[in-house]
Amino acid sequence: MAHLHDEKIKFLEETANQIRQDIIEMLYEAKSGHSAGPLGMADVFTAFYFHILNHDPKNLGWPDRDRLVLSNGHICPVLYAAMARAGYFPVEELKTLRKLGSRLQGHPHRPWLPGLETSSGPLGSGLSQAAGMAYAALMDKKKYNIYCLMSDAEQQTGNIWEAAMWAGKHKLNNLTAVMDRNNIQIDGFTEDIMPLEPLREKYEAFNWHVIDVDGHNFEEIVGAVEEAKAIYEKPVLILAHTIPGKGIDFMEFDYRWHGIPPGIGDVKDSPPKAEQVKVALAQLRTLGGKIKSEHQ
Amino acid sequence: MPLNPKIKFAENVLDKSKVEQKTTRLGFGEGLVIAGEEDKNIVALCADLTESTQIHLFKNKFPERFIEIGVAEQNMAAVASGLAASGKIPFIASYGMFSPGRNWEQLRTTVAYNERKVVIGMMHSGISVGPDGGTHQAIEDMAITRVIPKVVVVNPCDYHEAKKATIAAAKHPLPVFLRFHREKTPMVTAAESNFEIGKAEILFTPKEENKIDVAIIACGPLVHNALLAANELENEGMNLYVLNNHTIKPLDEKTIVEVARKAGAVVTVEEHQVLGGMGSAVAEALAQNYPVPMEFIGVRDQFGQSGEPNELLEHYGMGVSHIKEAVKKVIKRKA
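Quick note, the sequences are listed as chains A and B, same order.
Numbered according to UniProt numbering, the first sequence spans residues 1 to 296.
Numbered according to UniProt numbering, the second sequence spans residues 1 to 335.
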């Protein structure tokens, strides 16, 4: 297990909370987009952009940087918020999400936003791209790591398993995939729509090393990435078990919040649309009491 | 002088029984080796078709830069994108039916939209694949690739041009789709003739400049049939242009409009569906710049079937006689 000191954990938790607030505000401003996935992955993205990645937001083309490839492009609000808070571009630009002429496209468009590693949206091809990057790094004896953040539902595509098979064949030990195991997709729960389990055994059968983590526990996330670096003979999958909509009571675990933003429509058992943004932000802003290090 | 004296032609180009024949895919394989010698960042990927794509020539020369993907064309396209992101210049090759047939979205999103330079070798294109039948005859590939923004699509007419196009593709800044065929086809050009992506070549020039009957605009190995048809028609007293329009995108609108303006009628010739192919691209350009009557030689909204290559080309209306008929028909439509 990683040893993050309490101050660091508190910083990461507060940063993730800020990123969640950014996500709510961006989505409300954009009037469309996905809510549950970005909120559920806020802790994982915070761990990467504020602790794990060897990167430099002020030196974008740095050839030896770690690469973070987002495969399920629809959760890009969390990517954009993390990048802005990490210093890649001004935080004010987050409000341009999904607007005409914005660098923050509804799904990531790499050529327009320096710092992105790829364009994504159509599901299932990020792992192949990350595997290609990992293969090139091994060819050139480069030391950087490649991280592919992907969703659980995109495991339903064939392309993912083509990539998993190929990465296993080549023992791409510099490739770590992180799966957002939040159990929801647009049409419902993954295990109802098209069951994915047993995911661990599937990846192990494809010659991957698999680590399960609580996707909201920074010590576990960071610890798993450190373990991954120590695995030399295989690519690594981190199964990050997350709560979709994490941090906002009325969105948590509810697949109906997968593909819609707050404040545009009434959802049964959620606050009326006019109240949703206010309630969500109020919950996040008072989350201070839940931050772990303050209990200690 | 029917054959344009500025062009360096293969020997016996107008004599089908004597002209040398080689495959365009061999041109790709040999061109890739030359490109690989010039640039060590070039890598080659294949999906279990190493020999029939002729990529084995690169594999034999540079085994450490050859990457076998297995039967997984979607993975091949997206892995190539990742390699391109890391300083490599990937060439991927499979049959046109599978790449871009099966992996079109990965090519669009992770390569073209993502602005990653990858060269895509589309092998065994056209109906002349022959006995393998309709499942393996890619006759929609130019349509589905040329609609993608910021890419290049080239269908070389012979072995030499295939080799030159492959070498040129390595140096071009955009993703390039290169279309090749299975069978040996007649040499049209000589090794030392010019080739430039995006520049159509006038192969056949009218005897009398002031009374030109028609311009035949062709691509791929059917350029040879177009030349044979033109030669026969000239002997019958006609004045014609034949254009080798190897680059479907970006289209050489300037040359196409110029010959259409002088001829007043156009016949396009391609081993592809008429819908959406090279002829469609020419029609789009002419409709906007200089509309003239047009006839289209190609497959007419059908699937292919098993048969011998030349038998199929005749059956589906792409023989020399069909080109001649189309010329006569379009001339009647001239105002």
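Backbone N, C-alpha and C fix where the C-beta goes; we use that ideal spot for every residue, glycine too.
Identity of the residue in the options nearest residue i by Cα
i: Glu37(B); options: Thr255(B), Leu57(B) and Phe296(B); result: Leu57(B)
i: Ala35(B); options: Thr255(B), Ala169(B), Asp301(B) and Asn60(B); result: Ala169(B)
i: Lys141(A); options: Val153(B), Lys164(B), Ser86(B) and Lys18(B); result: Ser86(B)
i: Lys211(B); options: Leu222(B), Ala10(B), Gly264(B) and Thr268(B); result: Gly264(B)
i: Thr157(A); options: Arg256(A), Pro77(A), Asn72(A) and Gly106(A); result: Asn72(A)
i: Ala335(B); options: Gly298(B), Val292(B) and Val327(B); result: Val292(B)
i: Ala10(B); options: Leu227(B), Ala84(B), Tyr290(B) and Val129(B); result: Leu227(B)
i: Gly29(B); options: Met318(B), Ala44(B), Arg116(B) and Lys16(B); result: Ala44(B)
i: Gly124(A); options: Asn159(A), Glu227(A) and His216(A); result: Asn159(A)
i: Val151(B); options: His322(B), Gln74(B), Ser128(B) and Ile248(B); result: Ile248(B)
i: Tyr80(A); options: Arg65(A), Leu97(A) and Asp66(A); result: Leu97(A)
i: Pro77(A); options: Ile211(A), Asp187(A), Leu94(A) and Asn145(A); result: Leu94(A)
i: Leu116(A); options: Ala167(A), His209(A), Ile211(A) and Asp66(A); result: Asp66(A)
i: Ala84(B); options: Asn114(B), Pro309(B) and Ile55(B); result: Asn114(B)
i: Val225(A); options: Lys268(A), Tyr28(A) and Phe48(A); result: Phe48(A)
i: Asn310(B); options: Asn12(B), Pro2(B), Lys16(B) and Lys6(B); result: Lys16(B)
i: Pro250(B); options: Lys6(B), Ala285(B) and Ala326(B); result: Ala285(B)
i: Ala229(B); options: Val267(B), Gln273(B) and Thr166(B); result: Val267(B)
i: Lys332(B); options: Gly304(B), Met294(B), Tyr316(B) and Arg300(B); result: Met294(B)
i: Pro131(B); options: Glu308(B), Met187(B) and Gln302(B); result: Glu308(B)
Inter-residue CB distance, residue i and residue j (contact presumed, cutoff 8 Å)
i: residue 337(B); j: Phe91(B); result: Here chain B covers residues 1 to 335 and nothing more, so residue 337(B) does not appear.
i: Val111(B); j: Ala162(B); result: With 8 Å as the limit, Val111(B) and Ala162(B) do not qualify as a contact, their Cβ atoms being about 21 Å apart.
i: Thr23(B); j: His181(B); result: 7 Å
i: Ala143(B); j: Leu275(B); result: 7 Å
i: Glu68(B); j: Phe98(B); result: At roughly 15 Å, the Cβ-Cβ gap does not stay under 8 Å, so Glu68(B) and Phe98(B) are not in contact.
i: Ala215(B); j: Leu243(B); result: 6 Å
i: Ser128(B); j: Leu3(B); result: Not a contact, Cβ separation roughly 24 Å.
Residue i classed as buried or exposed, judged by whether at least 16 other C-beta atoms fall within 10 angstroms
i: Gly285(A); result: Residue identity check: residue 285(A) is Arg in the sequence provided, not Gly. Arg285(A) should be labelled exposed.
i: Leu100(A); result: exposed
i: Thr135(B); result: exposed
i: Asn194(B); result: exposed
i: Gly265(A); result: exposed
i: Val91(A); result: exposed
i: Lys324(B); result: buried
i: Lys88(B); result: buried
i: Trp166(A); result: buried
i: Arg179(B); result: buried
i: Arg116(B); result: buried
i: Lys171(B); result: exposed
i: Gly126(B); result: buried
i: Asp56(A); result: exposed
i: residue 300(A); result: Residue 300(A) lies beyond the residue range present for chain A, which begins at 1 and ends at 296; the question has no answer from this structure.
i: Gly263(A); result: buried
i: Asp252(B); result: buried
i: Gly82(B); result: buried
i: Ile238(A); result: buried
i: Asn12(B); result: exposed
i: residue 298(A); result: Here chain A has residues from 1 to 296 only, and residue 298(A) is not among them.
Residue i - DSSP class collapsed to helix/strand/coil
i: residue 338(B); result: Here chain B has residues from 1 to 335 only, and residue 338(B) is not among them.
i: Asp132(B); result: helix
i: Ser50(A); result: Note that residue 50(A) is Phe in the sequence shown, not Ser. Residue state, collapsed to three classes: helix.
i: Lys262(B); result: helix
i: Arg256(A); result: helix
i: Thr15(A); result: helix
i: Glu294(A); result: For Glu294(A), the predicted model reports a pLDDT of 42, less than 50, meaning its position is unreliable and no value from the coordinates is stated.
i: Met187(B); result: coil
i: Met278(B); result: helix
i: Phe206(A); result: coil
i: Ala226(B); result: helix
i: Arg179(B); result: strand
i: Leu199(A); result: helix
i: Phe204(B); result: strand
i: Leu83(B); result: helix
i: Gly37(A); result: helix
i: Arg285(A); result: helix
i: Thr109(B); result: helix
The region 1 to 15 of chain A touching the region 171 to 188 of chain A, judged by at least three CB pairs closer than 8 Å: When Cβ pairs closer than 8 Å are counted between the two stretches, the region 1 to 15 of chain A is seen not to touch the region 171 to 188 of chain A, the count staying below three.
At least three beta-carbon pairs within less than 8 Å, the region 35 to 45 of chain A to the region 231 to 246 of chain A: Yes, since at least three Cβ pairs between the region 35 to 45 of chain A and the region 231 to 246 of chain A fall closer than 8 Å, the two stretches touch.
The region 270 to 287 of chain B contacting the region 197 to 207 of chain B, beta-carbon criterion three pairs below 8 Å: Between the region 270 to 287 of chain B and the region 197 to 207 of chain B there are fewer than three inter-stretch CB-CB distances shorter than 8 Å, so the stretches are not counted as touching.
contact_flag[the region 230 to 243 of chain A, the region 161 to 179 of chain A] where n(CB pairs < 8 Å) is 3 or more: The region 230 to 243 of chain A, when compared against the region 161 to 179 of chain A, does touch it at the 8 Å Cβ threshold.
Sufficient close CB pairs (3 or more, under 8 Å) joining the region 46 to 66 of chain B to the region 107 to 125 of chain A: Three or more Cβ pairs closer than 8 Å define a contact, and the region 46 to 66 of chain B falls short of that threshold against the region 107 to 125 of chain A.
contact_flag[the region 56 to 74 of chain A, the region 143 to 159 of chain A] where n(CB pairs < 8 Å) is 3 or more: Cβ pair count under 8 Å is three or more, so yes.
contact_flag[the region 119 to 134 of chain A, the region 187 to 197 of chain A] where n(CB pairs < 8 Å) is 3 or more: Result no; under three Cβ-Cβ pairs closer than 8 Å.
Stretch pair the region 219 to 227 of chain A + the region 19 to 30 of chain A: three plus CB contacts closer than 8 Å: Contact fails: fewer than three Cβ-Cβ distances are below 8 Å.
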